[in-house]
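The numbering used here puts the first residue of the sequence shown at 54, with every later residue one more than the last. Scroll down for the structure; my scribbles are underneath it.
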Amino acid sequence: MHAKNAAAPGGGGGVRPSLPKPDVTTISQEEASAFIAPTARLYKAVESNRWKVWYPGRKGISRSWLLYGEILALGKCTAWTWHCHEEATGEECPHEWIKKIDWRVGF
Numbered sequence: 054m055h056a057k058n059a060a061a062p063g064g065g066g067g068v069r070p071s072l073p074k075p076d077v078t079t080i081s082q083e084e085a086s087a088f089i090a091p092t093a094r095l096y097k098a099v100e101s102n103r104w105k106v107w108y109p110g111r112k113g114i115s116r117s118w119l120l121y122g123e124i125l126a127l128g129k130c131t132a133w134t135w136h137c138h139e140e141a142t143g144e145e146c147p148h149e150w151i152k153k154i155d156w157r158v159g160f
C-alpha cells in the first residue's frame, strides 16, 4: 500500500543526486518517491487529496494539496522526511528546492 523510497541511482548508498523541482501541477506516487529521504515511506492519498509520509520511529504527517497545491504539499512532506533523516543520520537533503521549504503547517 505504501511505496518505499526509491534507491539512489546506481544502487546502494552514497551521495544522492539533486533533482529539480517538478515542472508540473501533479505527480505520480512513483515519481514523487525519488524526493523522499531514505527509509521514509510516501503515500498519495487521492481519496483525501493529501500526501502522507512516515519516517521510522516517528509519527507520520500529511499535507493537503487543496491547501498548498500538490507540488508544494509534496515538498512540505518530503522536507519533513529529510528533517527527520538529517536528525537521525546527519545526511542532508540533496534537493535544493526542498531545502527551501518549511514543512510546518502554515509556513
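Cβ coordinates follow ideal geometry from the N, Cα and C atoms, glycine included. Nothing here was measured: the structure is a model prediction, and the numbers come from that model.
E139 counts as exposed, since fewer than 16 other beta carbons sit within 10 angstroms of its beta carbon. A90 sits in coil when the DSSP states are folded into three classes, being neither helix nor strand.
Per DSSP, reduced to three states, the secondary structure at Y108 is coil, with no helix or strand assignment. Leaving aside the five residues that flank Q82 on each side, the residues in its chain whose CB is nearer than 8 Å to its CB run, in chain order, A56, L95, Y96 and K97. In this structure S86 is buried. Its beta-carbon is surrounded by 16 or more other beta-carbon atoms within 10 angstroms.
The C-beta of T79 has fewer than 16 other C-beta atoms within 10 Å across all chains shown, which makes the residue exposed.
Under the three-state reduction of DSSP, K97 is assigned to strand. Taking 9 Å as the cut-off, the beta carbon of C130 is found closer than this to the beta carbon of W156.
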